[in-house]
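K.L.:
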Amino acid sequence: LHSPMYFLLSHLSFVDFCYSSIVTPKLLENLVTADKSIFYASCMLQYFLSCTAVVTESFLLAVMAYDRFVAICNPLLYTVAMSPRLCALLVAGSYLWGMFGPLVLLCYALQLNF
């Protein structure tokens, strides 16, 4: 279970769990209570966190596609091409870009008047 595929799947499942944990509490609150309002700060926080989870998941799916491409097209070079260090760097890059992209969008959204 130490192959790159399982390493990437574990991070993908973690990001999916985080996304569910971000969206579900406010959804349940809106279903139970009559008050459907949300504070501006909590709206921006939920927007940032949900966008972070979605963008990170997209990058992780792209990394997983590259992993499968290398495994199918270059099976003899797979262990060299997908080293544990490269997998860790690709996952770290996915998390960093997953936070950087929505942060830029959040900065633009905060400049709008509501």
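Letter by letter, the sequence shown follows residues -20 to -1, 1 to 94 of mature numbering (1 follows the signal peptide of the UniProt record, and there is no 0). Note that beta-carbon positions come from the ideal geometry of N, C-alpha and C, so glycine has one too. Quick caveat: nothing in here was measured; it's all calculated off a predicted structure.
Give me, in chain order, the residues of the same chain whose beta-carbon lies closer than 7 Å to that of residue 33; leave out the 5 immediate sequence neighbours on both sides.
P.N.:
If we look at residue 33 and ignore the five residues flanking it on each side, its Cβ neighbours are -6, -3, -2, 2.
K.L.:
Compute the beta-carbon to beta-carbon distance between residue 81 and residue 35, rounded to the nearest angstrom, for a pair I have assumed lies under 8 Å.
P.N.:
Yes, they are in contact, since the Cβ atoms of residue 81 and residue 35 sit about 5 Å apart, within 8 Å.
K.L.:
So, at 8 Å on beta carbons, what are the nonlocal neighbours of residue 57 in its own chain, with the 5 sequence-adjacent residues on each side left out?
P.N.:
The residues are 50.
K.L.:
Buried or exposed, going by whether 16 or more other CB atoms sit within 10 Å of the CB of residue 83?
P.N.:
That one is exposed.
K.L.:
Quick test of your reading: residue 25 and residue 74, contact by CB under 8 Å. State the CB separation rounded to the nearest angstrom.
P.N.:
That pair is no contact at about 21 Å.
K.L.:
Taking 8 Å as the CB-CB limit, is residue 41 close to chain C?
P.N.:
The structure shown contains no chain C; it is built from a single protein chain.
K.L.:
By Cβ distance below 7 Å, which residues in the same chain neighbour residue -16 in space, the five residues on each side in sequence not counted?
P.N.:
Closer than 7 Å at the Cβ level, and outside the excluded window around residue -16, lie 47.
K.L.:
Grab the span of the alpha helix (DSSP H) containing residue 91 for me, first residue to last.
P.N.:
Premise fails: residue 91 is in no alpha helix (DSSP H) and is neither H nor E.
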